[in-house]
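Q: Per the working numbering, residue 18 is the first one in the sequence shown, and the count goes up by one each step. We put the beta carbon where it would ideally sit given N, CA and C, even for glycine.
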Amino acid sequence: MLFDIVTIFPHFFDSPLKDGVVRRAIEAAILKIRTVDLRDFTTDRHRTTDDRPFGGGEGMVMKPEPIYKALKVLKEEPPEARVILLSPRGKLLDQAMAGELAQLGRLILICGRYEGVDERIREHCIDLELSVGDYVLSGGEIAALVVIEAVSRLIPGVLGCESSAENDSFSDGLLEFPQYTRPRIFKGWEIPEVLMSGDHARIAKWRREQSLGLTYEQRPELLNRAKLDEKDIKYLRSLGWEKS
Ligand code: SAH
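(1) Assuming the contact rule is C-beta atoms closer than 8 Å, Leu126 and Ile159 should be a hit. Round their C-beta distance to whole Å, please.
(2) Output the residue ranges of the alpha helix (DSSP H) runs that lie fully inside the stretch 149 to 223 and measure 4 residues or longer, sorted by chain position.
(3) Can you tell which of Gly116, Glu226, Glu132, Gly157 has the C-alpha that lies nearest to the C-alpha of Asp67?
(4) On a Cα-Cα basis, can you pick out the residue from Gly73, Val38, Gly74, Pro95 that is closest to Asp21?
(5) So, under 8 Å CB-CB, Leu145 and Lys108 are touching, yes? Tell me the CB distance rounded to an integer number of Å.
(6) Taking 8 Å as the threshold (C-beta atoms), are Asp135 and Pro83 in contact?
(7) Between which two residues does the beta strand (DSSP E) carrying Arg106 extend?
(8) Contact between the stretch 158 to 173 and the stretch 111 to 128 is defined here as three or more beta-carbon pairs at a separation below 8 Å; is this criterion met?
(9) Along the chain, where does the beta strand (DSSP E) that runs through Leu124 open and close?
(10) Report, in whole angstroms, the separation of the C-beta atoms of Leu162 and Leu239, which I expect to be a contact under 8 Å.
(11) Does Ile47 come out as helix, strand or coil in the three-state DSSP assignment?
(12) In three-state DSSP terms, what is Phe71?
(13) Taking a contact to mean a Cβ-Cβ separation below 8 Å, would you say Val211 touches Arg199 in this structure?
(14) Can you tell me which of the three DSSP states Arg130 falls into?
(15) Quick one, which of Cys178, Phe58, Tyr252, Tyr85 has its alpha-carbon nearest Glu140's?
(16) Could you tell me if Met18 is buried or exposed, where buried requires 16 or more neighbouring beta carbons within 10 angstroms of its beta carbon?
(17) Between the C-alpha atoms of Leu253 and Phe194, what's the straight-line distance to the nearest angstrom?
(18) Report back the beta-carbon spacing between Lys89 and Ala98 to the nearest angstrom; my notes put them in contact at under 8 Å.
(19) What is the rounded straight-line gap between the Cα of Ser188 and the Cα of Ile43?
(20) Taking 8 Å as the threshold (C-beta atoms), are Val23 and Asp87 in contact?
(21) How is Thr52 classed by DSSP in three states: helix, strand or coil?
(22) Measure the beta-carbon distance from Leu124 to Ser148 and round it to whole angstroms, keeping in mind my assumption that it falls under 8 Å.
(23) Under the assumption that Gly129 contacts Leu103 (Cβ atoms under 8 Å), give the Cβ distance between them as a whole number of angstroms.
(24) Would Leu48 and Ile25 be called neighbours here (beta carbons separated by less than 8 Å)?
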């Protein structure tokens, strides 16, 4: 999968892509990530990418021309791309959306700065406006990295162990059960006895109930869309949950 990141800070991405899962996927040629310096698509001496807002007000707005030109050049090149504008006003990125994006061959990610991007880019030049959460960042660069990490771990071959994304939080609409590793007793804090039992059915049941309980406690709204069977519903009811 190819990611093209359109940004005024291309060097922002040097170090975050140098470690971990993403680096390995780049080395294995499963991922290719390119940064596109928006200033290369300016024509003035100062390589200007922003200007004052029409109608007045604080701050600066990203000019439409450099972004338009960058997109034009990028889109002339195959493969076909989905163009995404990162913005707090966008659709919220969740695991299901990450899964959909992971099916695609190429994403172009546009990073805003300042007060955001001239609205005409959103109106005419993009396929999707995407937010990584209900808070405001100072730029789209970190949001782009969030998209890259969340999407790329769902591409086959990117995670070392294929099954590790399957159990992750949200994969079935629930939060993941607690995990423990050695030592069995640390500072007198013991791991749950069931995990030492060797009884796989009991462990599976315990993990499922932990997932349900944690989701009920931390993110009850997720339960309305989660895949639940009769047993799950019975267990949740015993905790006090009422389906809304
Ligand atoms: N004034 C804008 C915020 C601009 S923040 C507003 O209130 O909507 C500057 C840039 O940071 C945005 O253009 C966007 O690219 C990025 N950004 C900020 N928060 C983001 C979020 N939650 N998700 C994705 N991108 C975000």
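A: A quick look at the data gives this:
(1) As a first step, residue 126 is located in the sequence shown; it is residue number 109 there, counting from the start. As a first step, residue 159 is located in the sequence shown; it is residue number 142 there, counting from the start. The Cβ separation is near 11 Å, so there is no contact.
(2) 157 to 169
(3) Residue 67 sits at position 50 when you count from the first residue of the sequence shown. If we check each option's Cα against that of Asp67, Glu132 comes out closest.
(4) As a position in the sequence shown, residue 21 is number 4, starting the count at 1. For the residues Gly73, Val38, Gly74, Pro95, the minimum Cα distance to Asp21 belongs to Pro95.
(5) Counting from 1 along the sequence shown, the entry for residue 145 is found at position 128. Counting from 1 along the sequence shown, the entry for residue 108 is found at position 91. Contact holds; Cβ gap of about 7 Å.
(6) For the purposes of this step, residue 83 is taken as the residue at position 66 of the sequence shown. For the purposes of this step, residue 135 is taken as the residue at position 118 of the sequence shown. Against a cut-off of 8 Å, the Cβ pair of Asp135 and Pro83 comes out as no contact.
(7) Numbered from 1 along the sequence shown, position 89 holds the residue referred to as residue 106. Counting along the chain, the beta strand (DSSP E) containing Arg106 begins and ends at 99 to 109.
(8) yes
(9) On the sequence shown, residue 124 is found 107 positions in, with the first residue counted as 1. First-last of the beta strand (DSSP E) with Leu124: 123 to 127.
(10) For the purposes of this step, residue 162 is taken as the residue at position 145 of the sequence shown. For the purposes of this step, residue 239 is taken as the residue at position 222 of the sequence shown. Going by Cβ atoms, the distance from Leu162 to Leu239 rounds to 24 Å, so no, they are not a contact pair.
(11) Along the sequence shown, read from residue 1 onward, the residue named residue 47 stands at position 30. Residue state, collapsed to three classes: coil.
(12) Along the sequence shown, one-based indexing puts residue 71 at 54. Coil.
(13) Position 194 of the sequence shown, counted from the start, is the residue given in the question as residue 211. Position 182 of the sequence shown, counted from the start, is the residue given in the question as residue 199. Their beta carbons are not under 8 Å apart, which means Val211 does not touch Arg199 by this criterion.
(14) As a first step, residue 130 must be located in the sequence shown, where it is residue number 113. Of the three classes helix, strand and coil, the one that applies to Arg130 here is strand, per DSSP.
(15) Position 123 of the sequence shown holds residue 140. Closest option to Glu140, Cα to Cα, is Tyr85.
(16) Within the sequence shown, the letter at position 1 stands for residue 18. Label assigned to Met18: buried.
(17) As a working note, residue 253 is residue 236 in the sequence shown. As a working note, residue 194 is residue 177 in the sequence shown. Cα-Cα distance, rounded: 15 Å.
(18) Here residue 89 refers to the residue found at position 72 of the sequence shown. Here residue 98 refers to the residue found at position 81 of the sequence shown. So it is not a contact: roughly 12 Å between Cβ atoms.
(19) The count along the sequence shown starts at 1 and reaches residue 188 at position 171. The count along the sequence shown starts at 1 and reaches residue 43 at position 26. If you take the alpha carbons of Ser188 and Ile43, they lie about 24 Å apart.
(20) Taking the sequence shown and counting its residues from 1, the one referred to as residue 87 is at position 70. Taking the sequence shown and counting its residues from 1, the one referred to as residue 23 is at position 6. Looking at the sequence shown, residue 87 is not Asp but Ala. Their beta carbons are under 8 Å apart, which means Ala87 touches Val23 by this criterion.
(21) As a working note, residue 52 is residue 35 in the sequence shown. Strand at Thr52.
(22) The residue you call residue 124 lines up with position 107 of the sequence shown. The residue you call residue 148 lines up with position 131 of the sequence shown. The pair is not a contact, with the Cβ atoms about 15 Å apart (cut-off 8 Å).
(23) The count along the sequence shown starts at 1 and reaches residue 129 at position 112. The count along the sequence shown starts at 1 and reaches residue 103 at position 86. Yes, they are in contact, since the Cβ atoms of Gly129 and Leu103 sit about 6 Å apart, within 8 Å.
(24) On the sequence shown, position 31 is the one that residue 48 refers to. On the sequence shown, position 8 is the one that residue 25 refers to. No, these two residues do not count as a Cβ contact at 8 Å.
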